[in-house]
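For reference, the structure is listed below as structure tokens.
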Amino acid sequence: MTALGVYAPAKIVTNDDLAQIMDTSDEWITTRTGIKRRHVSADDEFTSDLAFRAVEDLLRRHGPDALAGVDMVLVATNTPDALFPSTAALVQARFGLRAGAFDLLAACPGWLYALSVAKAYVESGQAKRVLAIGAEALTKVVDWDDRATAVLFGDGAGAVVVEAVPEPYGLRSVVVGADGSGAGHLHLGSVGRCLPDGSQLSDKLYMNGREVYKFAVRVMNTATIEAVDKAGLTSDDVSLFVPHQANLRIIEAARDRLGLPEERVIVTVDEYGNNSTASIPLALAHALDHGRVAPGDHLLLVSFGAGLTWAAAVLTWGPWTAAAGGGDFVAPGARTAGPDATGPSAASELGATTA
Ligand code: UT7
């Protein structure tokens, strides 16, 4: 991963704001989820717009040549502007890339799935530089009459460039999984109106929170252990745990099971709520902008979501990814000066050994 950019919409909705329009409270939302506010897209702002802004942030952080040679665009999203064309094709056109482009749907772990696809493309030689984006306008599909789900979600986007980098940096392991027998627990209808078992689908997000919670705690544990093991490491080697930001209680349970101290986990759920595929890239930007990550650190990423699906990865952080330095969007509370990032072009000069 040699470049990163993120975006979250300017409009912020606090728990107290929600308590004005539904039967909820800051106290309930904070204690059950850790969420304090969420960023909400404007009425005329859709997933492609958020993806564009994340890529623009990447260009600001890394310079105008940061997309040079990108030959594949992947957008992981659950809320594409349209079923077709893909959001990835819109990104390709907006930035004038000579690249293939497709969307990838694997719910919240979609961006980690995109990393695994990007890694495979690069390692097989099918692509040299992959732009992998997670972008989400979830507040457009939330059921605002269902307080149990409406308070949880937010919007945002993150974009990274994946390419070959020298040892010891890069993606050391990625594991992905699915259990479609849990499809009924979290869904949003589209062309079809029901699942194969006859469960009705609506055009608003439905979630059985308790079932997803139990699944999340279980799978965060098994997937992280598998990813760490596959990377040839132990949990003691993990410098920073960057989990999907859905619920602070789920994050804390996963951290506890891994035996990691509090200072080794990134928490942004208070600021963004759950913005699905955008949640891990935004958490990575937060870590970077707050000086919480340094070259050589082993980062453990994990996510879970509808499908049901899960994914985990171990990433050894390289020296290329730049902190925000005066762009429009700075991860909240971020410092403005970055570490000694050398820019994406340095990656190609170093020669390639791992993706
Ligand atoms: O990336 C997708 C992944 N999705 C998730 O990660 C969600 C996983 N699940 C969760 O995070 C939790 O299950 C929730 C946060 C959704 C719910 O927390 P919970 O502790 O499981 O609460 P609950 O559903 O058992 O509801 C407890 C009570 C109920 O009232 P009664 O029946 O005890 O009287 C709910 O009606 O809380 C009530 N409640 C609310 N009260 C105030 C539900 N939503 C709200 C609300 N404000 N927004």
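Residue numbers 8 to 362, in the working numbering, belong to the letters of the sequence shown in order. By construction, the Cβ of each residue, glycine as well, lies at the ideal position given by its N, Cα and C atoms. Computed from a predicted model, the values in this text were never measured in an experiment.
Determine the contact status of residue i and residue j, defining contact as a CB-CB distance below 8 Å.
i       : j       : result
Leu-208 : Gly-199 : yes
Asn-215 : Ala-253 : no
His-297 : Thr-323 : no
Val-182 : Ala-234 : yes
His-251 : Val-300 : no
Ala-121 : Val-77  : no
Gly-184 : Thr-316 : yes
Ser-48  : Thr-94  : no
His-46  : Pro-16  : yes
Leu-307 : Val-226 : no
Relative to ligand 1, is the shortest distance from any of its heavy atoms to the C-beta of residue i smaller than 7 Å?
i       : result
Gly-219 : Reading off the sequence, residue 219 comes out as Val, not Gly. Yes.
Thr-328 : no
Asn-228 : no
Thr-86  : no
Ser-188 : no
Arg-39  : yes
Asn-254 : yes
Leu-145 : no
His-251 : yes
Val-158 : yes
Met-214 : yes
Trp-381 : With the chain running from 8 to 362 in the structure shown, residue 381 is simply not present.
Thr-316 : no
Cys-201 : no
Ala-164 : no
Ala-223 : yes
Gly-141 : no
Output the distance between the C-alpha atoms of residue i and residue j, rounded to the nearest integer angstrom.
i       : j       : result
Gly-132 : Leu-291 : 27 Å
Asp-30  : Pro-203 : 34 Å
Gly-312 : Gly-189 : 10 Å
Ala-341 : Val-224 : Because the pLDDT at Ala-341 is just 40, under 50, the model does not fix this residue reliably, and the point stays unresolved.
Gly-358 : Phe-222 : With a pLDDT of 32 at Gly-358, under the threshold of 50, the predicted position of this residue should be treated as unreliable, though the coordinate-derived value follows. So the two alpha carbons sit approximately 41 Å from each other.
Thr-9   : Ala-166 : 11 Å
Ala-368 : Val-274 : Residue 368 lies beyond the stretch modelled for the chain, which goes from 8 to 362, so this question has no answer here.
Ala-157 : Val-149 : 6 Å
Tyr-14  : Asp-162 : 9 Å
Gly-177 : Ser-123 : 12 Å
Thr-284 : Glu-218 : 20 Å
Gly-334 : Gly-205 : The predicted model places Gly-334 with a pLDDT of 48, which falls under 50 and marks its position as unreliable; any figure quoted below should be read in that light. Those two C-alpha atoms are separated by around 48 Å.
Trp-118 : Glu-34  : 31 Å
Ala-96  : Thr-231 : 32 Å
Gly-70  : Ile-258 : 34 Å
Lys-135 : Ser-32  : 49 Å
Asp-243 : Ala-320 : 16 Å
Ala-26  : Ile-19  : 14 Å
Ile-140 : Ala-127 : 16 Å
Val-272 : Ala-330 : 18 Å
Arg-60  : Arg-264 : 36 Å
Leu-255 : Arg-44  : 13 Å
Val-82  : Glu-63  : 15 Å
Ala-344 : Leu-289 : For Ala-344, the predicted model reports a pLDDT of 30, less than 50, meaning its position is unreliable; a value from the coordinates is still stated below. Straight-line Cα distance between these residues: approximately 18 Å.
Asp-51  : Lys-147 : 10 Å
Could you check which residue in the options has the C-alpha nearest to that of residue i?
i       : options                               : result
Leu-267 : Ile-257, Pro-116 and Leu-247          : Leu-247
Leu-138 : Val-148, Trp-151 and Ala-171          : Ala-171
Phe-160 : Ala-26, Val-62, Ala-73 and Ile-42     : Ile-42
His-194 : Ala-113, Val-245, Ala-301 and Ser-48  : Ala-113
Cys-115 : Ser-286, Leu-104 and Asp-78           : Ser-286
Ser-88  : Leu-255, Ser-197, Ala-260 and Arg-154 : It is worth fixing the name first, because residue 88 is Asp in this sequence and not Ser. Considering only alpha carbons, the answer is Ser-197.
Ala-73  : Phe-102, Gly-184, Asn-85 and Asp-50   : Phe-102
Pro-173 : Ser-48, Gly-184 and Glu-130           : Glu-130
Arg-154 : Pro-326, Thr-40, Gly-303 and Ala-17   : Thr-40
Ala-100 : Asp-277, Trp-151, Ala-58 and Val-249  : Ala-58
Gly-239 : His-293, Asp-186, Glu-278 and Pro-175 : Pro-175
Name, in chain order, the residues that DSSP records as bridge partners for residue i.
i       : result
Gln-207 : Cys-201
Val-20  : Arg-45
Asn-281 : Phe-160
Phe-109 : Leu-81
His-194 : Tyr-213
Glu-170 : Arg-136
Val-272 : Phe-248
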